[in-house]
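Participant: Going by full-length UniProt numbering, the residue at position 35 of the sequence shown is 35; the numbering climbs one at a time, nothing skipped.
No residue lacks a Cβ here, since even glycine has one placed at the ideal position from N, Cα and C.
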Amino acid sequence: MTKVIIAGYAGKMGQNAVKMVQDRDDFDLVAVYGQPGQSSATPLADNTKVFDKLDDIDVDADVWVDFTIPATVFENTKFAIEHNYSPVVGTTGLKDDQITELQALAANKQLGGLIAPNFGISAVLLMQFAQQAAKYMPDVEIIEMHHDQKLDAPSGTALNTAKLISKVRKPHKQGNPDEKETIPGVRGGTYDGIPIHAVRLPGLVAHEQVMFGSTGEGLTIRQDSFDRVSFMSGVAVAVEKISAEKELFVGLENIL
Ligand SMILES: NC(=O)C1=CN([C@@H]2O[C@H](COP(=O)(O)OP(=O)(O)OC[C@H]3O[C@@H](n4cnc5c(N)ncnc54)[C@H](OP(=O)(O)O)[C@@H]3O)[C@@H](O)[C@H]2O)C=CC1
Ligand SMILES: O=C(O)C1=N[C@H](C(=O)O)C[C@H](O)C1
């Protein structure tokens, strides 16, 4: 039986994770963590403890699932590692230096963990395909589209896509060097020269399009998460497998 804590249990992803864990006979939801006064839309089992202060969490558990907010994810993940809970982190917003620090902490304890910018298989494949395409088609722009309640921009997935592309793309300047924005920001933000555009609209869930252009041809790779349930098989695999690992990985593909 894998004993699980879910942080951010009352949120959109947290609620899906609560349901997924409760539906599995081999997972036990021993505790949830959220803001004071919150409650779960999915009724919790009697043995599930509810915490609203990080330092009060004292339960025996194997895995810490985190779907909170960018401002708190580093502190939560550090707490999880220090308490020997294998972190399975979906929350976005961790900086590179924070990830390095968390990886060192986990390595020191030989504790398995996963930070996944996206738990959906369509997004994992999109990132891999985009990385492959960028070797041959270095002119690329990323458009990510999300619901209008999202706190961070660009999305963790778009940023990770740009990082993966940047690892394989030869030093490259794209577009017209004399280009001027007549409306500031109209060409998006850039990561290593790769433009990223973030769209926020009600009705959207999570979507990404990577567009490549070359002389006389183009390639568009797109993925759509129409429902948050699409992330849950990835979270389930991570919860299942992560305790057997000995390091903190970034990217679901590392444990599939
Ligand atoms: N990796 C992946 O596949 C995916 C990742 N995400 C990421 O997961 C995160 C959560 O997304 P989503 O569920 O949509 O967001 P929500 O805003 O719906 O949920 C976040 C939850 O965390 C709670 N929270 C806020 N501060 C704290 C805190 N200090 N301690 C504990 N809980 C806290 C919020 O409470 P309150 O509302 O009261 O502030 C809320 O219940 C985001 O970073 C998002 O980008 C989302 C989808 C997929
Ligand atoms: O906030 C979301 O909704 C999502 N966040 C993650 C991200 O920032 O990439 C994953 C997915 O895009 C949904």
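Measure the alpha-carbon distance for residue 38 versus residue 77 and round it to whole angstroms.
Facilitator: Cα to Cα, the separation comes out at about 21 Å.
Participant: Using a threshold of 6 Å, is the CB atom of residue 35 nearer than that to any non-hydrogen atom of ligand 3?
Facilitator: Annotation note on ligand 3: not contained in the displayed structure, which lists ligand 1 and ligand 2 as its ligands.
Participant: If you measure from the CB of residue 95, is any heavy atom of ligand 2 nearer than 6 Å?
Facilitator: no
Participant: Is residue 108 near ligand 1, going by C-beta to nearest heavy atom under 6 Å?
Facilitator: no
Participant: What I want to know is whether the C-beta of residue 203 ends up closer than 6 Å to one or more non-hydrogen atoms of ligand 2.
Facilitator: Not one heavy atom of ligand 2 falls within 6 Å of the beta-carbon of residue 203.
Participant: Which value, in whole angstroms, describes the spacing of the CA atoms of residue 226 and residue 13?
Facilitator: 13 Å
Participant: Where residue 64 and residue 24 are concerned, what is the direct C-alpha to C-alpha distance, given to the nearest angstrom?
Facilitator: 16 Å
Participant: Give me the residue from 83, 148, 256 and 133 with the minimum Cα distance to residue 238.
Facilitator: 256
Participant: Report back the beta-carbon spacing between residue 156 and residue 92 to the nearest angstrom; my notes put them in contact at under 8 Å.
Facilitator: 3 Å
Participant: Are the stretch 132–144 and the stretch 101–119 in contact at 8 Å, needing three or more beta carbon pairs?
Facilitator: no
Participant: Rounding to the nearest angstrom, what Cα-Cα distance links residue 9 and residue 46 in this structure?
Facilitator: Roughly 16 Å between the two C-alpha positions.
Participant: Might you give, ordered along the chain, the residues of its own chain that have their beta carbon closer than 8 Å to the beta carbon of residue 49, omitting 5 neighbours on each side?
Facilitator: Closer than 8 Å at the Cβ level, and outside the excluded window around residue 49, lie 30, 31, 32 and 59.
Participant: Bridge partners of residue 87, per DSSP?
Facilitator: 64
Participant: Using a Cβ-based criterion (distance less than 6 Å to any ligand heavy atom), does residue 150 qualify as near ligand 2?
Facilitator: Flag set: Cβ of residue 150 near ligand 2.
Participant: On the premise that residue 235 lies in contact with residue 34, defined as a C-beta separation below 8 Å, what is that separation, rounded to the nearest angstrom?
Facilitator: Going by Cβ atoms, the distance from residue 34 to residue 235 rounds to 17 Å, so no, they are not a contact pair.
Participant: Since residue 51 sits in a beta bridge, which residues does DSSP pair it with?
Facilitator: 33
Participant: Tell me which residue opens and which closes the alpha helix (DSSP H) that residue 82 is part of.
Facilitator: Run containing residue 82: 73–82, per the alpha helix (DSSP H) assignment.
Participant: Quick one: give me the first and last residue of the alpha helix (DSSP H) that residue 129 is part of.
Facilitator: 121–134 is the span of the alpha helix (DSSP H), which, as asked, contains residue 129.
Participant: Return the Cβ separation of residue 145 and residue 207 in integer angstroms, given the expectation that the two are a contact with Cβ distance under 8 Å.
Facilitator: 4 Å
Participant: Using 7 Å as the threshold, is the C-beta distance between residue 123 and residue 221 below it?
Facilitator: no
Participant: Consider the C-beta atom of residue 84 and the heavy atoms of ligand 2; say whether any pair is separated by less than 6 Å.
Facilitator: no
Participant: Would the C-beta of residue 42 count as close to ligand 1, meaning under 6 Å from any of its heavy atoms?
Facilitator: no
Participant: Quick one: what's residue 191 bridged to in DSSP?
Facilitator: 194
Participant: Return helix, strand or coil for residue 179, following the three-state DSSP convention.
Facilitator: coil
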